[in-house]
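Written out below as C-alpha cells is the structure these notes cover.
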Amino acid sequence: MNYRHAFHAGSAADVLKHVVLLETLDCVLQKPKPVFVLDTHAGEGLYRLQADAEADDGIRRLWERRAEWPVLARYFEAVGRFNGTRLRDYPGSPLLIAGRLRADDRLVAVEEATAAHDALQQVLRSPHSQIFLGNGYHALKALLPPRERRGVILIDPPYERVTERSALLAGLKTALQRFRQGIYLVWYPIKDKRDAERLVDAVSALGENLCVELLTWPPDVKSRLNGSGMLILNPPWGLKKKMGEVIPTLAQLLTRDGTPRYRVR
Ligand SMILES: C[S@@+](CC[C@H](N)C(=O)[O-])C[C@H]1O[C@@H](n2cnc3c(N)ncnc32)[C@H](O)[C@@H]1O
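According to the working numbering, the sequence shown holds residues 55 to 319 in order.
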C-alpha cells in the first residue's frame with residue numbers, strides 16, 4: 055500500500071476530523087488529571103498544501119473568512135499556529151494533539167510507513183510525545199490501558215485494504231477489553247452509504263457513542279468521497295452539545311451543492 059495523505063491534507067474530511075478531535079480534547083482537558091493520547095495512524099504530521107488538491111474543498115474554502123465563524127475558532131487557531139499570514143501548511147493530527155497537551159499529558163503516535171514516520175520525526179518535537187514505527191492496531195493491545203487511566207485514542211486508517219474494517223473492529227474490541235473507559239475516535243469515509251452504515255452499526259454496538267457525519271455531496275452522487283464521519287465511543291461530557299453548535303455551521307460552509315447535510319446523534 056502506498057497511501058500518501060499529502061493530497062488529502064486539509065480536505066473537508068480532514069476539517070471535520072480535526073474539529074472533532076480538538077473539541078474532544080478541549081472537553082477532556084477541562085479536568086486537571088493527566089491524559090494519554092494514542093494516534094494509531096499518525097501520518098507525516100505537517101503537509102505543504104498543494105495546488106489543485108482536496109484542501110480546495112476544505113480548509114481553503116474557509117481560511118480567508120475564518121473571522122466570521124467564532125464557533126470554529128479553536129480549529130482555526132490551531133491551524134494558524136503553523137502558518138503566517140498566508141495559508142501554506144496544514145498540520146496533521148499528531149501536531150494538533152501535541153499543541154494542546156499540558157506538561158503531564160502524553161502522546162504516542164504510531165505510523166506504519168517508513169517515509170511518513172521519518173517525516174513525522176522531523177516535525178514532532180515535543181518532550182511529551184513519542185513516535186513509533188509500526189502497526190497502529192498492535193499498539194491498541196501493547197499500549198492500553200495507559201498508566202494515566204484517562205485516554206483519547208484516534209483511529210484514522212486510510213481504508214485502502216479490504217481487511218481494514220475487520221482489523222479496525224478487532225482492534226477496537228481488544229482495546230475496549232483492556233481499557234473500557236477510553237474515549238475512542240474513529241474516522242470513516244462515506245462513499246457507499248451502506249458500507250458506512252454497516253461500520254457505524256458495528257462500532258456503535260460496542261458501547262455508548264456519538265456519531266457525527268458531514269456530507270459534502272448528496273449520497274447518490276458518484277463522487278470520490280461524498281462525506282465522512284467520526285464515531286466517538288464514550289464521548290466526554292459536553293461534546294454532543296458542542297457538536298450541535300459547530301457541525302451545522304461546518305456543513306453549511308463545506309457543502310458542494312448548497313444543501314447542508316449532517317448528522318449529530
Ligand atoms: C489518513 S492518514 C493519517 C492522517 C492523520 N491521522 C491526520 O489526521 O493528520 C493514514 C496514515 O496511516 C498509515 N497507516 C496505514 N495503515 C497503518 C497501520 N496499520 N498502522 C499504522 N499506520 C498505518 C498510512 O501510512 C497513513 O500515513
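The beta carbon of each residue, even a glycine, is placed where N, CA and C say it ideally should be.
In this text, all values refer to a predicted model and were calculated from it rather than measured experimentally.
**Prompt:** With DSSP run on the structure shown, which of helix, strand or coil describes Q184?
**Reply:** Correct three-state label for Q184: strand.
**Item:** Burial state of D210, where buried means 16 or more other Cβ atoms lie within 10 Å
**Value:** Classification of D210: buried, given that the 10 Å Cβ count is 16 or more.
**Prompt:** Looking at C-beta atoms only, is the number of pairs between the segment 283–290 and the segment 247–266 that lie closer than 8 angstroms three or more?
**Reply:** Counting Cβ pairs under 8 angstroms, three or more are found: they touch.
**Item:** DSSP-derived helix/strand/coil call for A96
**Value:** A96: coil per DSSP, three-state reduction.
**Message:** Does the segment 184–201 come into contact with the segment 157–175, if we say contact requires no fewer than three beta-carbon pairs (one atom in each stretch) closer than 8 angstroms?
**Reply:** Contact annotation: the segment 184–201 touches the segment 157–175, with at least three C-beta pairs closer than 8 angstroms.
**Message:** Could you pull the DSSP bridge partners for R102 from this structure?
**Reply:** Answer is D143, bridged to R102.
**Prompt:** Since I209 sits in a beta bridge, which residues does DSSP pair it with?
**Reply:** I209 has V240 as its beta-bridge partners, per DSSP.
**Y213 to R219 span [Cα, whole Å]** = Each residue's Cα considered, the two are about 7 angstroms apart.
**Prompt:** Rounded to the nearest angstrom, how far is the Cβ of I237 from that of T78, given a contact under 8 angstroms?
**Reply:** Correct: roughly 7 angstroms between the Cβ atoms.
**Reduced DSSP secondary structure (H/G/I, E/B, other) of A163** = In the structure shown, A163 sits in a strand (DSSP, three-state: E or B).
**Message:** Please classify D68 as buried or exposed, where buried requires at least 16 neighbouring CB atoms within 10 angstroms.
**Reply:** Taking a 10 Å sphere around the C-beta of D68, we find 16 or more other C-beta atoms and assign the residue as buried.
**Message:** Does the contact criterion of 3 or more C-beta pairs under 8 angstroms hold for the segment 81–89 versus the segment 120–129?
**Reply:** With a cut-off of 8 angstroms, the segment 120–129 and the segment 81–89 do not count as touching, because too few Cβ pairs lie within range.
**Item:** Given G205 as reference, the closest of S258, F233, L178 once Cα atoms are compared
**Value:** Looking at the Cα atoms, F233 is the closest of the given residues.
**Item:** Three-state secondary structure assigned by DSSP to G25
**Value:** Missing from the structure shown is residue 25; the chain here goes from 55 to 319 and no further.
**Request:** Please find out if some non-hydrogen atom of ligand 1 comes closer than 6 angstroms to the beta-carbon of S277.
**Result:** Checking the 6 angstroms criterion, the Cβ of S277 is out of range of every heavy atom belonging to ligand 1.
**Prompt:** Pick from K71, L198, P145, L222: whose alpha carbon is nearest that of V162?
**Reply:** With distances taken between Cα atoms, V162 lies closest to L198.
**Request:** State the start and end residues of the unbroken beta strand (DSSP E) segment that holds S282.
**Result:** S282: member of the beta strand (DSSP E) spanning 281–287, first to last residue.
**Item:** Reference R102, options A196, T94, I113, closest by Cα
**Value:** Scanning A196, T94, I113 for the CA closest to the CA of R102 turns up I113.
**Message:** Could you check whether T270 and T313 sit closer than 7 angstroms to each other, using their CB atoms as the reference points?
**Reply:** No, the Cβ-Cβ distance between T313 and T270 is not below 7 angstroms.
**Message:** When you measure from the CB of E108 to every non-hydrogen atom of ligand 1, does any distance come out below 6 angstroms?
**Reply:** Not one heavy atom of ligand 1 falls within 6 angstroms of the beta-carbon of E108.
**Prompt:** Contact check, G99 vs V177 under 8 angstroms by CB: the rounded distance?
**Reply:** Contact between G99 and V177 holds: their C-beta atoms lie close to 4 angstroms from each other, under 8 angstroms.
**Asked** Tell me the DSSP bridge mates of F90?
**Response** R160, G205.
**Request:** Measure the alpha-carbon distance for T217 versus V257 and round it to whole angstroms.
**Result:** C-alpha of T217 to C-alpha of V257: approximately 16 angstroms in a straight line.
**Contact under 7 angstroms by Cβ, F61 with A105** = Cβ distance not < 7 angstroms, so F61 and A105 don't count as in contact.
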